[in-house]
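The numbering of the sequence shown is full-length UniProt numbering, which starts it at 1 and goes up by one. Report on the following structure.
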Amino acid sequence: MMGTNVMNKSKAEPKRSGLVDIVFSWSLADVRNKHLYKDKVNQIPMTFSSTDHYMKSFISPLVEETHADLFSKMEMLSRAPTCEVLSVETSKHHKPPKDLFYKISLKRMRDASSCDEGSYEPEFGDLIALTDVRPKCTHDLNRSKHNYLVALVQRKDDSDKLTVLASKAIVFDAYEKRDKYKNKNTFLAVFLTNLNTNLRIWKALNSELEGGNMNIIKRVLQTDSIANCSRCFSQESKSAAISCASNAISSFELDDSQKSAILSCVGARECRHQNTVKLISGPPGTGKTKTVASLLFALMRTKCRTLTCAPTNVAVLEVAQWLVGIVKNALGNSTYGFGDIVLFGNGERMKIDDYEDLFDVFLDYRVSVLASCFAPMSGWKNCVESMICLLEDPQALYHSYVEKEKGKDGEDDSAKDEEDKSFGNDNEDDINDKKKIWRKAIVQTVKDNKNKIKNTNKNENMKKQNQEEPSQRKAYSTTFEQFVMKRYKFIENNLIFFLTNLYTHLPTTLVSLEVVKKMIRVLDLLKSIGTLLHTSVAATEDLKDTLDGIKGVGSKSERSMKLRSAKEECLHLLKSLRDTLSVPNTTEYFQIQNFCLQNACLIFCTVSSSAKLHAEGMTPVELLVVDEAAMLKECESTIPLQLSGLRHAILIGDDRQLPAMVQSEICKKAEFGRSLFERLVLLGHEKHLLKIQYRMDPSISLFPNNEFYGSMISDGPNVKDKTYKKRFLKGKMYGSYSFINVTDGEESFNERRSLKNIVEMAVVVEIVSSLFKECMTSKQKVRVGCLSPYKAQVFALQEKLGKTYSADANSDFSVNVRSVDGFQGGEEDVIIISTVRSNGSGTLGFLPDRQRTNVALTRAKHCLWILGNGAMLTQSNSVWKKLVVDAKARDCFYEAKDDKNLAQAVASALDVELNQRDALLKSVPVSRPADLSGGRKTTLSNTNLRLLESRTASLSLKDDPGPSTSRNHAKCKKSSEAKPVGKKNSQSDAAAEMAEQYLDSWDHPKGRKSCHK
């Protein structure tokens, strides 16, 4: 029944990857060479001549992207997490000179109170540097005894030992001897990056995955890959599956475009003649997740084994939550059927503790629960036998109990006492509380890699029992009535736990609806019997006779008859369940895990984690659903596309929003970040468009709909309703849609070369403050989102707002500050966008990126307020010029200075910036340009001083924001713009840029600290 142990890593021999060999071959100089693969990465084509051509096209870009990621991490090496290595020993798989496998023991870091800042616990796939120097820069990695020694974490054992594959031989003895004479850590593991996803992609591209099903990949290489099968198309509308699906989703309140997309996918699945790939395009707010969940529910009804995955854990969890909610509602809040759904992944990374409604489908939790149910000595079968014995012959059990009591004569009785105390006097609320506590306890044991729940009170009770006198323990002997009631309550509560979890977590193929009805009937009978027993004891009736049902007259006889009838029916059902319900006879973690995965109908995981389903003995997957498919690199999608048995794929996304993140500029030019979804759309393949948006006020959706979707999206009836329009602040400026013109601010670089705008930040802070005051007065619950394309602005806003306002979405007033990229898929009541850019050259950098702009403009539900320098944004022929022109045409363009509070916030921000510059002028010594290369970093050249004076003059505004001040400001600003700083092709330009960075570093405490250093 259990099948092959497909996911048992503990017995698997570690294996090398070609990508690991490449990474290990890089010297430190290679890692720091940004152009190492400049001439080795070719443009990824739109069409391919063969599957081999297709796979190989991604290999060089993958290597370069891996290199770029490592290069990026090296830039932040001083802040890299570290942990202490206590011992190193060779593994049984150690085979020099190539397979250098070691087991290393680390100082345990789980106790947060004993952890140093930056410490960490290595995980599978981590690339770590092993060194005797805590690195402050990349050069420190060559100061170690073994220059640039790196290792890949292959496995983590329960004993806190790691199996690692090292790039060079590790000689730990030398460090160990030195440690005896030096009281400090001499050998460290430093986190560099995680290679897990890239290693899985490498295996997929090199056809190293188990199964190697190429049917779908061959299909996506064909120009008609999404065309309907001519033999099935005429019968599609008559398909029984489509009719079944239509009935299944009839109560979900789907619009026509959503229904059409779902039924088209279900119809394609019925095709037996060819493999198909369907595209569903879900613009912002069009109910994409609801559509996906509804589709999955329809597929679940037809028992179609389906894998649903997405690029991120957040996206996977969102779809799983929707599906679980739909299933609960369809089943009347019953949990029968959840056994057909499995969500798996790293619980800590997923933050599964925050998703209590997903516990019942989360694989690790399920395995722990089923291990308790399957246990031969303490599981459900033993519990059923105990209840049968108690109901059939309670006197025999009591006699045995009394004999044991007599025979103990002072022996330890804590186990029995613990059993009695555990469940003896619980009411229904207590039972529910215990189940919640048990659930949390199991989740905790999963984190600690334990399979059994520890009883924290055991030692305390044993100690208490040992302190009692023998006469006291003898006095504990109970009457027959007390024994039956306590024993019954204990077994009943265990049966409630076991039976409920069996029909919740077992797949429906193993536990039929008829069996579940018997289980539920048993639970009802147990409750009824418990009530009758309690009544009998309370009436001081002879419980022996009552259980036997042979004595009693009048009311006693009636009560006895009810008890006897309930007892006989319960015994019959318990014996039937014992004889007919077959479950795996194992408590071994990996066997139960495989059992759950092999029998599930719907499986949820990230695209990368789907590699775990490529295992010998795994039940084939028929259909693949990829959510957020437009955010997925095409090469990564080859992991699930090669699953054994896969016949059809459905890709859901929006190619007009952000694509996958790519580190390497070389890879960006080669289109490495392009998704399969986008490539197929560019080739002209049909996509089902979800056409009604339910998120944005119509005044917010108007511009993005016209600009990005050709006016094909309609506003839903909910957003057109008058009650949807909300006003949180007084004044026309704070309507549903506004562009607020902020002209006095200037963009500047922070120490990490990211841009920020202090004046725009002050305006955001003032608006949020006003919102908070107004909402507290009106008692409105409001969620605010503050977005910016630039990390420096996001960080500065987080510093300002995070100390004052809660980020918890459940609070009455929440403020969520993120980058635009980090907000894709999110929404808030009010969105405030800070565009940041304000310079004399009209340069916008990556701000005009249409996909990023689309994301930023479509997050708001009720109010969208955009801050920016309107004059500068219109200088470039970009989407932002169109936005400003549109805002003016719609009378949605406002001047920040026209609002008294905003004008004061701008003036205060300019004063602060001016004071910082004045202080800097007085404290910075002057040197000639020649000193710049060899002198201290704190010296400024004449060029820098001219720049500094120019910038200071441009910020010299008084409290009175009158016309003369504005003219002076404009004049000074024009003067400063005559000396551009952005280029690095001369020494003076480089010096000017360094001065700007130096000035900017004073705007943040951490920057100030680094300047003093």
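For every residue, glycine included, the Cβ atom is placed at its ideal position computed from N, Cα and C. Keep in mind that this is a model prediction, so the values were computed, not measured.
In summary, Glu913 is buried, with 16 or more beta-carbon neighbours lying within 10 Å of its beta-carbon over all protein chains present.
The secondary-structure analysis by DSSP pairs Lys725 with nothing; it has no beta-bridge partner.
Shown here, Trp865 sits in a strand according to DSSP, grouped into three states.
For Arg349, the enclosing alpha helix (DSSP H) covers residues Gly347 to Met350. Straight-line measurement puts the Cα of Ser778 at about 31 Å from the Cα of Phe703. For Leu910 against Val764, the beta-carbon gap comes to about 15 Å, at or over 8 Å, which does not count as contact. Just so you know, the alpha carbons of Arg837 and Thr853 end up roughly 14 Å apart. Per DSSP, the continuous alpha helix (DSSP H) segment holding Tyr488 begins and ends at Phe480 to His505.
In the DSSP secondary-structure assignment, Leu127 is bridged to Leu152 and Thr193. Contact between Thr619 and Leu205 fails: their C-beta atoms lie close to 25 Å from each other, not under 8 Å.
CA-to-CA, the gap between Lys381 and Val511 works out to about 15 Å.
Here the stretch 734-745 lies against the stretch 892-900, with 3 or more beta-carbon pairs under 8 Å apart. With 16 or more other Cβ atoms from the protein chains shown falling within 10 Å of its own Cβ, Asn494 counts as buried. In the structure shown, the three-state DSSP call for Gln693 is strand.
Fully enclosed beta strand (DSSP E) runs of no fewer than 3 residues occupy 893-895 of the stretch 886-919, in order along the chain. Among the bridge pairs identified by DSSP, Glu828 is matched with Ala860.
Residues of the same chain with a CB within less than 6 Å of the CB of Leu323, apart from the 5 flanking positions on each side, are Ala293 and Leu296 in chain order.
Counted as a single uninterrupted DSSP element, the beta strand (DSSP E) harbouring Glu747 occupies residues Glu747 to Phe749. Close CB contacts of Thr835 within its chain, under the 6 Å cut and outside five residues either way in sequence, are with Gly868 (chain order). Spatial neighbours of Asp69 in its own chain (CB-CB distance under 6 Å, excluding positions within 5 residues in sequence) are listed in chain order as Thr193 and Gln663. Counting C-beta atoms within 10 angstroms of its own C-beta, Ser87 has fewer than 16 neighbours from the protein chains shown and is therefore classed as exposed. In the three-state reduction of the DSSP assignment, Thr638 falls in the helix class, which pools H, G and I. In the three-state reduction of the DSSP assignment, Asn816 falls in the strand class, which pools E and B.
Per the coordinates, the alpha-carbon of Ile713 lies some 25 Å from the alpha-carbon of Ala649. Along the stretch 748-787, the beta strand (DSSP E) occurs as fully enclosed runs of 3 or more residues at 755-757, listed in sequence order.
Annotated three-state conformation of Phe344 is coil, per DSSP. Spanning the alpha carbons of Pro659 and Phe846 requires a straight line of approximately 14 Å. The continuous alpha helix (DSSP H) containing Cys596 extends over residues Tyr589 to Asn599.
Check the Cα spacing between Asn198 and each of Val516, Asp39, Val23 and Ser878: the tightest is with Val23. Sequence-distant Cβ neighbours of Phe677 in its own chain, meaning closer than 7 Å and more than five residues away, are Leu279, Ala629, Ala630, Leu651, Gly653 and Asp655.
With fewer than 16 neighbouring CB atoms inside 10 Å of its own CB, Ser251 falls in the exposed class. Bounds of the beta strand (DSSP E) holding Phe101 are Phe101 to Leu106. Ranking Leu844, Glu760, Lys861 and Ile666 by CA distance to the CA of His35 puts Ile666 first. For the options Leu623, Ala29, Gln657 and Met661, the alpha carbon positioned closest to that of Arg647 is the one of Leu623. Contact check for Cys83 against Leu106 passes: the beta carbons are separated by less than 9 Å.
Tyr54: member of the alpha helix (DSSP H) spanning Thr51 to Lys56, first to last residue.
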